[in-house]
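Undergrad: Protein chains in written order, with my numbering: chain A, 659 to 962; chain B, 1031 to 1199.
Given below as structure tokens:
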């Protein structure tokens, strides 16, 4: 049961949604998949005067891939993302991440954009969009603007979005040249779980990008580690130095799912496996996308 | 709060109902439309007991507002077929539920899984039902039931099930 009383609007156009947002400001909440928002309403964590359901706005439900640019509209669900041939072909990291995000019944409803708008530290889309250097498109009564992922997260459940603004979608450039990636997610068991920690690694011949989830107030890029991994050091020495640099890039806490010590210790294992998996995928010999390279740890946790 | 009349196709039948914006779909299905197979479990999207098919895809009806479902098509186990589907028969044959609380959600989740992938292997079955909790069976009979339909190679025909040696068969 939800005790908060609110009105409900389902605008058919973005203009109408922006007008409603302008009128209601902070007392309005955008409703897309609702898999976070309905829970927050139940728990009285948010008490809006009005919900603006954006599922009636056709343009926001579009997913397209043109000129090496993927555009994910704000209404696109995790399931729709993974069913897209362009995503499966050109952005397999999304498929690897999405296979570990909640379960089918949630993925059928939850949206990519909603996941990063909720902005909880463990959001699985965060590290992936960060290593792809995705850019959010935002609109409001003041006009349109773009926000790079590096400037999006401001704190737990806090983003760079201003009152009256709405995210219309996110663009994801396909990395140039030969590249490979890996997403590793540490969970308490193999079923559905929020991340105890996560890491995304993306490499090409010229770039190396690393981002972590669940080990800082927001998902974070790790520029020091990226620098070390692209240095002239031999790969084994670079990996060792990169693992040593993890405490500089993260600040894990102890919570219901994990202790900070366990998170910190496992990040080293996770980074090593992700980097090695990416290296083997670059050579064409790595495991298919969709394998959790930490499955043996979750099996141990289950006592199997 | 403003009241709204919404219209949904529920198990093949067009139903209209008056709701308020904060009415949750699960509660409306159970209390206003008398459809009791979606169960009230965790009410936060974790357990899967309230699973329904909304426009052909499984969703947690505890995380959907009734008003969002205006104009949508809903299927619950009551509306899966005139008689038991091969999957439902396989659940019976394999004693795939004990208290039965998870069964409607499990069956709808497995129905969607088999529509997308008619021949899932055990890993795919386990991944498919990973969002549905069962506190009785230890899951193995459920995986067995889904596997018998998977092996039949089609989710539309009457599945021949044949797990023997279970106490109540």
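We put the beta carbon where it would ideally sit given N, CA and C, even for glycine.
1) Taking only three categories from DSSP, how would you classify residue 1092 (chain B)?
2) Which one or two residues does DSSP pair with residue 711 (chain A) in a beta bridge?
3) Classify residue 711 (chain A) as buried or exposed, calling it buried when 16 or more other Cβ atoms lie within 10 Å of its own Cβ.
4) What does residue 1160 (chain B) touch in chain A if you count any residue whose Cβ is under 7 Å from its own?
5) Could you tell me whether the Cβ of residue 1057 (chain B) comes closer than 8 Å to any Cβ of chain A?
6) Helix, strand or coil for residue 963 (chain A) per DSSP?
7) Would you grab the beta carbon distance between residue 1106 (chain B) and residue 1067 (chain B) for me? Rounded to a whole angstrom, and I think it's under 8 Å.
8) Taking DSSP's pairing of strands, which residues face residue 682 (chain A) in a bridge?
9) For the segment 1101 to 1116 of chain B, enumerate the residues whose C-beta is nearer than 7 Å to any C-beta of chain A, in chain order.
10) State yes or no: is the beta carbon of residue 692 (chain A) nearer than 8 Å to at least one beta carbon in chain B?
11) Under 8 Å, do residue 767 (chain A) and residue 1089 (chain B) count as touching if we go by C-beta distance?
12) Let's see if you can read the secondary structure: which residues bound the alpha helix (DSSP H) around residue 920 (chain A)?
13) In whole angstroms, what is the alpha-carbon distance linking residue 1087 (chain B) and residue 1142 (chain B)?
14) Hey, does residue 766 (chain A) have any beta-carbon neighbour from chain B nearer than 8 Å?
15) Less than 8 Å between the beta carbons of residue 785 (chain A) and residue 715 (chain A), yes or no?
16) Using beta carbons (cut-off 8 Å, strictly below), is residue 1035 (chain B) in contact with chain A?
17) Looking at the secondary structure, which residues open and close the alpha helix (DSSP H) in which residue 1143 (chain B) lies?
18) What does residue 1176 (chain B) reach in chain A if we use C-beta pairs closer than 9 Å?
19) Give me, in chain order, the residues of the same chain whose beta-carbon lies closer than 7 Å to that of residue 699 (chain A); leave out the 5 immediate sequence neighbours on both sides.
20) So what's residue 659 (chain A) in DSSP terms, helix, strand or just coil?
21) Using a Cβ cut-off of 7 Å, pull out every chain B residue sitting near residue 824 (chain A), in sequence order please.
22) For residue 764 (chain A), does the count of other Cβ atoms within 10 angstroms reach 16, so buried, or fall short, so exposed?
23) What does residue 727 (chain A) pair with, by DSSP beta-bridge criteria?
24) How many angstroms separate the CA atom of residue 921 (chain A) from the CA atom of residue 723 (chain A)?
25) By a C-beta neighbour count over all protein chains shown, 10 Å radius and 16 as the cutoff for buried, is residue 1199 (chain B) buried or exposed?
26) Do you know offhand how far residue 1123 (chain B)'s Cα is from residue 1108 (chain B)'s?
27) Assign residue 1181 (chain B) to buried or exposed, taking buried as 16 or more other Cβ atoms, counted over all protein chains shown, within 10 Å of its Cβ.
28) From the beta carbon of residue 711 (chain A), is the nearest beta carbon of chain B less than 8 Å away?
29) Looking only at C-alpha atoms, which of B:1050, B:1177, B:1164, B:1111 sits nearest to residue 1128 (chain B)?
30) I want to verify the contact list: residues of chain A whose CB lies under 7 Å from the CB of residue 1052 (chain B), in sequence order.
31) Assign residue 847 (chain A) to one of two classes, buried (16 or more other C-beta atoms within 10 Å of its C-beta) or exposed (fewer than that).
32) Can you grab the Cα-Cα spacing for the pair residue 685 (chain A) / residue 1050 (chain B), in whole Å?
33) Label residue 872 (chain A) either buried or exposed according to how many other C-beta atoms from any shown protein chain fall within 10 Å of its C-beta, with 16 as the threshold for buried.
34) Beta carbon of residue 1131 (chain B), beta carbon of residue 1175 (chain B): below 8 Å?
35) As an exercise, report each continuous beta strand (DSSP E) stretch of at least 3 residues that is fully enclosed by the segment 731 to 817 of chain A, in chain order.
36) Would you call the segment 836 to 856 of chain A and the segment 921 to 930 of chain A touching, i.e. three or more CB-CB distances under 8 Å?
TA: With the given structure in hand:
1) The count along the second chain starts at 1 and reaches residue 1092 (chain B) at position 62. It is helical.
2) To locate residue 711 (chain A), count along the first chain from 1; it is residue 53. Residue 711 (chain A) pairs with A:689.
3) Start at 1 with the first residue of the first chain, and residue 711 (chain A) comes out as number 53. Residue 711 (chain A) comes out buried.
4) On the second chain, position 130 is the one that residue 1160 (chain B) refers to. In chain order: 761, 849, 850.
5) If you number the second chain from 1, residue 1057 (chain B) lands on position 27. For residue 1057 (chain B), the closest Cβ of chain A is nearer than 8 Å.
6) Nothing can be reported for residue 963 (chain A), as the shown portion of chain A is limited to 659 through 962.
7) Within the second chain, the letter at position 76 stands for residue 1106 (chain B). Within the second chain, the letter at position 37 stands for residue 1067 (chain B). Contact holds; Cβ gap of about 5 Å.
8) Position 24 of the first chain, counted from the first residue, corresponds to residue 682 (chain A). Per DSSP, none; premise fails for residue 682 (chain A).
9) none
10) Working through the first chain from its first residue, we reach residue 692 (chain A) at position 34. It does; some Cβ of chain B falls within 8 Å.
11) By one-based count along the first chain, residue 767 (chain A) stands at place 109. By one-based count along the second chain, residue 1089 (chain B) stands at place 59. Yes, Cβ-Cβ distance for residue 767 (chain A) and residue 1089 (chain B) is below 8 Å.
12) Here residue 920 (chain A) corresponds to residue number 262 of the first chain, with the count starting at 1. Residue 920 (chain A) -> alpha helix (DSSP H) spans 918 to 940.
13) Against the second chain, residue 1087 (chain B) aligns to sequence position 57. Against the second chain, residue 1142 (chain B) aligns to sequence position 112. About 7 Å.
14) For the purposes of this step, residue 766 (chain A) is taken as the residue at position 108 of the first chain. Yes, because at least one Cβ of chain B sits closer than 8 Å to the Cβ of residue 766 (chain A).
15) Looking up residue 785 (chain A) in the first chain gives position 127. Looking up residue 715 (chain A) in the first chain gives position 57. No, they are not a contact pair.
16) On the second chain, position 5 is the one that residue 1035 (chain B) refers to. No, because no Cβ of chain A sits closer than 8 Å to the Cβ of residue 1035 (chain B).
17) On the second chain, position 113 is the one that residue 1143 (chain B) refers to. Here the alpha helix (DSSP H) through residue 1143 (chain B) covers 1133 to 1146.
18) Position 146 of the second chain, counting from 1, holds the residue named residue 1176 (chain B). Under the 9 Å cutoff, chain A gives no residues; its nearest Cβ is about 13 Å from residue 1176 (chain B).
19) One-based indexing of the first chain puts residue 699 (chain A) at position 41. Cβ within range, chain order: 660, 662.
20) To locate residue 659 (chain A), count along the first chain from 1; it is residue 1. Coil.
21) What you label residue 824 (chain A) is simply residue 166 of the first chain in a count that begins at 1. Within chain B, no residue comes near residue 824 (chain A); the closest Cβ sits about 18 Å away, beyond 7 Å.
22) Position 106 of the first chain, counted from the first residue, corresponds to residue 764 (chain A). Buried, by the Cβ-count rule.
23) For this step, residue 727 (chain A) is matched to residue 69 along the first chain. DSSP output for residue 727 (chain A) lists A:724, A:831 as bridge partner(s).
24) For this step, residue 921 (chain A) is matched to residue 263 along the first chain. For this step, residue 723 (chain A) is matched to residue 65 along the first chain. Distance between the alpha carbons of residue 921 (chain A) and residue 723 (chain A) is about 36 Å.
25) The count along the second chain starts at 1 and reaches residue 1199 (chain B) at position 169. Only weak support is given to the placement of residue 1199 (chain B): the predicted model assigns it a pLDDT of 30, under 50, and the value that follows is read from those uncertain coordinates. Burial call: exposed.
26) Here residue 1123 (chain B) refers to the residue found at position 93 when the second chain is read from its first residue. Here residue 1108 (chain B) refers to the residue found at position 78 when the second chain is read from its first residue. Roughly 19 Å between the two C-alpha positions.
27) Numbered from its first residue, the second chain carries residue 1181 (chain B) at position 151. Exposed, since its Cβ has fewer than 16 Cβ neighbours within 10 Å.
28) Position 53 of the first chain holds residue 711 (chain A). Yes, contact with chain B.
29) Reading the second chain from its first residue, position 98 is the one you call residue 1128 (chain B). Cα-wise, what sits closest to residue 1128 (chain B) is B:1164.
30) Start at 1 with the first residue of the second chain, and residue 1052 (chain B) comes out as number 22. Within 7 Å Cβ-Cβ: 660, 662, 663, 664.
31) In the first chain, counting from the first residue as 1, residue 847 (chain A) sits at position 189. Residue 847 (chain A) comes out exposed.
32) As a working note, residue 685 (chain A) is residue 27 in the first chain. As a working note, residue 1050 (chain B) is residue 20 in the second chain. Between residue 685 (chain A) and residue 1050 (chain B), the C-alpha separation is close to 18 Å.
33) Looking up residue 872 (chain A) in the first chain gives position 214. Per the 10 Å Cβ criterion, buried.
34) Position 101 of the second chain, counting from 1, holds the residue named residue 1131 (chain B). Position 145 of the second chain, counting from 1, holds the residue named residue 1175 (chain B). It is not a contact, given that the beta carbons lie outside the stated cut-off.
35) Runs of beta strand (DSSP E) with 3 or more residues, each lying fully within the segment 731 to 817 of chain A, are found at 793 to 798, 801 to 806, 811 to 813, listed in chain order.
36) yes
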